[in-house]
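In the working numbering, the protein residues as written are 73 to 339.
We put the beta carbon where it would ideally sit given N, CA and C, even for glycine.
Just so it is clear, the structure is predicted and the values come from calculations on it, not from any experiment.
Written below as C-alpha cells is the structure these notes are about.
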C-alpha cells in the first residue's frame, strides 16, 4: 500500500479565479526545496507544484539494471497535484518523492483542499474531457487518495453505469475510449493506463478492442475500487518480461553453442 497519490494533466491554478487563489493562499504555506531533495512531511497532506517539478519514484527490485526507467513512477509538474495519506503503520510504502529542479510546493491539509474544492463544485470538482463527441466528467473525489488502478476501476464502473448497454454476460460502454483519453480523465500517465487496461483484460475483468470496452466482472472492478491506495500487480507485464528474458537467454545460449561448434570444427 502506497502513501503517495498524484494527479496529472490538469493545472489547478488555471482552474481557479483570483478569489479562489487568495483563499488557497490563506490556508496553505509555501515550501522551497532544492534539486534532488526528498519530500518528507505530514500525513493527509496535499501538495501543489507551484514551480519546478518532482518525481515519484521507488527503489529498483533485485537484479534490475535500468535504474532510472524503473525508479520513476510519475513526474508531477507545475499546477499538478500529489498527496500523502496516512497508511497502516505495519504497511510498507515503496514510493518516495524527490525534486527534479529547484521547486516550490504549496502545502495544505487534505481537509482544507477538499473544502476549497467544494466551494465551486461545478468547476473544481469535475474533470471534464471531450471524448468522441461526449463531454465525459469525472469527480475529483474519485481521484484524491486513490491508486491508479483504483481510479481506473472507479471511472470504468461510472462510465458503465452512465453509458453502458447491458448484455447477457457483460456491459458495453457505448463511448470510444483510448488509453490516452482515460489517462487524462483519471490523471495518470498514458503508458501506465495502457498497462492497467491490459492487466484488466488479462484478468478477464474487461474486454477491449480498438477502444471499445466491455465490462465482464463488475465484482472485481468494485473490489479494486474499494482497495483505494493498493496498486494491483501487473502480472501480464511481468510474465512478458520473464518470457523475453528467457528468449534472450535461449538465444544467447544457442549463439554460444554455435560459436563453440565452429571453433571445434576449425581445430
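- Relative to residue 280, the option among 173, 234 and 245 whose CA is nearest is 245.
- Separation of residue 220 and residue 173 (C-alpha to C-alpha, rounded to the nearest whole angstrom) is 25 Å.
- Residue 250 and residue 178 have their alpha carbons spaced roughly 33 Å apart.
- The beta carbon of residue 293 sits closer than 7 Å to the beta carbons of 225, 228, 229, 277 and 287 from its chain, once the five residues preceding and following it are set aside; these are given in chain order.
- With three or more CB-CB distances shorter than 8 Å, the segment 179-192 counts as touching the segment 113-127.
- DSSP places residue 118 in the uninterrupted beta strand (DSSP E) bounded by 117-123.
- The DSSP-derived three-state label of residue 282 is coil.
- Within the segment 225-277, the runs of alpha helix (DSSP H) that reach at least 4 residues and sit entirely inside it are, in chain order, 251-258 and 262-274.
- About 5 Å separates the Cβ atoms of residue 80 and residue 259, confirming a contact at the 8 Å cut-off.
- Taking every protein chain shown into account, the CB of residue 93 has fewer than 16 other CB atoms within 10 angstroms, so this residue is exposed.
- Boundaries of the alpha helix (DSSP H) harbouring residue 96: 90-98, taken from the DSSP string.
- Per DSSP, residue 82 lies in no alpha helix (DSSP H) and is assigned neither H nor E.
- Burial is judged here by how many other beta carbons sit within 10 angstroms of a residue's own beta carbon; residue 88 has at least 16 and is buried.
- Under the three-state reduction of DSSP, residue 106 is assigned to coil, being neither helix nor strand.
- Scanning 290, 211, 272 and 289 for the CA closest to the CA of residue 303 turns up 272.
- Counting only residues of its own chain and dropping the five nearest sequence neighbours on each side, residue 299 has a CB closer than 8 Å to the CB of 219, 221 and 222.
- Residue pairing for residue 185: DSSP places it in no beta bridge.
- Assignment of residue 127 by DSSP, reduced to helix, strand and coil, places it in the strand class.
- Residue 208 is a Cβ neighbour of residue 257, given a cutoff of 8 Å.
- Here the alpha carbon of residue 150 sits roughly 31 Å from the alpha carbon of residue 247.
- CA-to-CA, the gap between residue 78 and residue 102 works out to about 19 Å.
- Classified as buried, residue 169 has 16 or more neighbouring CB atoms from the shown chains inside 10 Å of its CB.
- Within its own chain, the residues whose Cβ lies closer than 7 Å to the Cβ of residue 145, once the five positions on either side in sequence are excluded, are 128, 129, 130 and 167, listed in chain order.
- Put simply, the backbone Cα of residue 214 is about 13 Å away from that of residue 296.
- In the DSSP secondary-structure assignment, residue 146 is bridged to 128.
- Counted as a single uninterrupted DSSP element, the alpha helix (DSSP H) harbouring residue 296 occupies residues 290-299.
- In the DSSP assignment, residue 215 falls outside any beta strand (DSSP E), carrying neither H nor E.
- Nearest to residue 238 by C-alpha distance, out of 110, 86 and 290, is 290.
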